[in-house]
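With the UniProt record's numbering applied, the sequence shown corresponds to residues 1 to 69, in that order.
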Amino acid sequence: MTLLNATSKTLIFCFHRDERNLDKSRYRDVLPGEATRVKLQPDDDGDRNDFINANYVSGYHDQEKAYIF
Numbered sequence: 001m002t003l004l005n006a007t008s009k010t011l012i013f014c015f016h017r018d019e020r021n022l023d024k025s026r027y028r029d030v031l032p033g034e035a036t037r038v039k040l041q042p043d044d045d046g047d048r049n050d051f052i053n054a055n056y057v058s059g060y061h062d063q064e065k066a067y068i069f
């Protein structure tokens, strides 16, 4: 698990280390924070891996989940 301290909040990055997720990240040093990461729906075959290297970003006037980065 990797922890970073950003603006007095501790961000947790752990899902990127799962073997199933290693090839899903274009850059090894750009990680999604757990609190705002985009979670995929489970596959029909029962795969519960919901990881994608993406985060929701607030928009104009603090509109939540306005963009995916």
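Cβ coordinates follow ideal geometry from the N, Cα and C atoms, glycine included.
Given the structure is predicted, the values throughout are model-derived calculations rather than measurements.
Annotation: the continuous beta strand (DSSP E) that includes K39 extends over R37 to K39. The secondary-structure analysis by DSSP pairs N55 across a beta bridge with R37.
Taking 8 Å as the cut-off, the Cβ atoms of K24 and N55 do not count as close. In the structure shown, Y27 falls within a coil segment according to DSSP collapsed to helix, strand and coil. Around the CB of R17, fewer than 16 other CB atoms lie within 10 Å, so the residue is classed as exposed.
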